[in-house]
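To start, the structure under review is shown below, and the notes come after it.
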Amino acid sequence: MQNKIVLITGATGGIGKQTALALAKMGAQVVITGRSKLSGEAAVAEIKQQSGNPKIDLLIGDLSAQINVRSLAEQFKVKFDRLDVLINNAGLTSSKKELTADGIESNFAVNVVAPFLLTHLLMDSLKASSSARVINLMGGDVPAKLDMDNLQSEHSFDGLNTYSQTKLAMMAVMYEFSQREKGVTINVCYPGQASTNMTRSVTPDMFPRAMRFIFPLYKFMTRADGDKSAAKASRSSVYLASSAEVEGVSGKYFDVNSKMAAWPAAVLNTVTRERLWSTVEQLSRLK
Ligand SMILES: NC(=O)c1ccc[n+]([C@@H]2O[C@H](COP(=O)([O-])OP(=O)(O)OC[C@H]3O[C@@H](n4cnc5c(N)ncnc54)[C@H](OP(=O)(O)O)[C@@H]3O)[C@@H](O)[C@H]2O)c1
Numbered sequence: 045m046q047n048k049i050v051l052i053t054g055a056t057g058g059i060g061k062q063t064a065l066a067l068a069k070m071g072a073q074v075v076i077t078g079r080s081k082l083s084g085e086a087a088v089a090e091i092k093q094q095s096g097n098p099k100i101d102l103l104i105g106d107l108s109a110q111i112n113v114r115s116l117a118e119q120f121k122v123k124f125d126r127l128d129v130l131i132n133n134a135g136l137t138s139s140k141k142e143l144t145a146d147g148i149e150s151n152f153a154v155n156v157v158a159p160f161l162l163t164h165l166l167m168d169s170l171k172a173s174s175s176a177r178v179i180n181l182m183g184g185d186v187p188a189k190l191d192m193d194n195l196q197s198e199h200s201f202d203g204l205n206t207y208s209q210t211k212l213a214m215m216a217v218m219y220e221f222s223q224r225e226k227g228v229t230i231n232v233c234y235p236g237q238a239s240t241n242m243t244r245s246v247t248p249d250m251f252p253r254a255m256r257f258i259f260p261l262y263k264f265m266t267r268a269d270g271d272k273s274a275a276k277a278s279r280s281s282v283y284l285a286s287s288a289e290v291e292g293v294s295g296k297y298f299d300v301n302s303k304m305a306a307w308p309a310a311v312l313n314t315v316t317r318e319r320l321w322s323t324v325e326q327l328s329r330l331k
């Protein structure tokens, strides 16, 4: 990864920070983003110290607000003349329905609109690279169907199911992106479960009612483990960012073992994808 410039959203902690550390160890110039300057600066210092790589930068921005997504893209472009790898890592699972400053349901804003908008805004920088890669992280369970009439929980909000719906929407919109944009590769991977702030913030009421009895087991499985599981979960992103095996490979889904796997049926539905694309494009105010 020498001479490669990598931008990783949400890399001040969890899987993103471990991804940044692994790529820094490979010699990449790594730019991490987070919401807090304090945790951001601490993460930069830690990555520099553990990797021995001084080329680590920080950009601050809460991706739930589009003004910040636009500002992040601008700040990146001022500093760097190209982008080799964009990892849309930041994700959100919230316990209740909340609207962002743009009036968008927060899971949908962070998990779908933000990566879509950021990838668009950085497309020129990506195309300035000879072989740019965009990597997106999906969630856990994939729902059988994408509920197009409830994309922003207009009718119901359902904890982890809402999160999973937004991750399925992200997969569909990124697959569509890969079909429309041939200048860069765009793929989705599943990192596997890790003990992070995200999993540790899950509460029983976010589980489907019939599944709440397994919450103690879930808590046990996601107990703090000193970033061990987050490091393991970073492997999928690191593989897609760095492996020569996936050079030129686009529009694919990679499972927890970084093996190419079948897309969920909902992603392959062209009508759904086109409807979703125009909805997200409108919400991003790209037109
Ligand atoms: N952990 C799992 O078991 C698991 C399983 C499947 C998929 N995933 C996916 O993997 C990705 C990383 O997950 P994780 O568990 O590592 O998450 P995490 O620990 O919650 O994420 C930490 C990072 O995301 C940043 N972040 C959170 N909300 C943000 C926002 N609104 N705007 C900007 N940055 C934000 C945090 O920055 P601050 O410094 O501001 O906090 C921090 O850098 C997510 O897309 C998640 O959906 C995780």
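Numbering (our numbering), first residue to last: 45 to 331. Glycine included, each C-beta is placed from N, C-alpha and C at the ideal position. All values derive from a computational prediction rather than experimental measurement.
{"query": "Sheet register partners of Ile104 (DSSP bridge)", "result": "Gly78"}
{"query": "Ser278 beta carbon less than 8 Å from that of Thr73", "result": "Checking the displayed sequence, the identity of residue 73 turns out to be Gln instead of Thr. Not a contact, by the Cβ cut-off of 8 Å."}
{"query": "Supposed close pair Asp128, Ile258 - CB separation, criterion 8 Å", "result": "About 41 Å; that fails the 8 Å criterion."}
{"query": "Check whether Val178 and Leu103 have beta carbons under 8 Å apart", "result": "no"}
{"query": "Top-ranked residue by Cα proximity to Ala172, from Leu195, Phe124, Asn112", "result": "Phe124"}
{"query": "Bridge-paired residues (DSSP) for Ile49", "result": "Gln73"}
{"query": "N-terminal and C-terminal residue of the beta strand (DSSP E) that Val232 is part of", "result": "229-233"}
{"query": "Three-state class that DSSP yields for Asn155 in the structure shown", "result": "helix"}
{"query": "Any non-hydrogen atom of ligand 1 closer than 7 Å to Leu165 Cβ", "result": "no"}
{"query": "Contacting residues, own chain, Cβ-Cβ under 7 Å from Val282 (five flanking each side not counted)", "result": "Thr63, Ala66, Leu67"}
{"query": "Where the beta strand (DSSP E) containing Asn241 begins and where it ends", "result": "Here Asn241 belongs to no beta strand (DSSP E); instead the alpha helix (DSSP H) covers 241-244."}
{"query": "Alpha helix (DSSP H) segments (min. 4 residues) lying fully within the region 247-271", "result": "259-265"}
{"query": "Whole-angstrom C-beta distance between Ile59 and Pro235, which should lie under 8 Å", "result": "5 Å"}
{"query": "Cβ contact check for the region 146-160 and the region 92-103: 3 or more pairs under 8 Å", "result": "no"}
{"query": "Backbone secondary structure at Phe298 - three-state DSSP", "result": "strand"}
{"query": "C-beta neighbour in chain C for Arg126, strict 8 Å", "result": "Among the chains of the structure shown, chain C does not appear; only one protein chain is present."}
{"query": "Collapsed DSSP secondary structure at Glu220 in the structure displayed", "result": "helix"}
{"query": "Collapsed DSSP secondary structure at Ala305 in the structure displayed", "result": "strand"}
{"query": "Cβ pair count under 8 Å reaching 3, the region 105-112 against the region 174-191", "result": "no"}
{"query": "Rounded separation between Gly78 and Leu312 - CA only", "result": "32 Å"}
{"query": "Strand pairing of Arg177, partner residues [DSSP]", "result": "Val129, Thr229"}
{"query": "Limits of the unbroken alpha helix (DSSP H) element including Thr316", "result": "314-327"}
{"query": "Alpha helix (DSSP H) segment containing Asp193, residue limits", "result": "No alpha helix (DSSP H) holds Asp193; DSSP gives it neither H nor E."}
{"query": "Reduced DSSP category for Glu142 - H, G, I as helix; E, B as strand; rest coil", "result": "coil"}
{"query": "DSSP state of Glu289 mapped onto helix, strand, coil", "result": "helix"}
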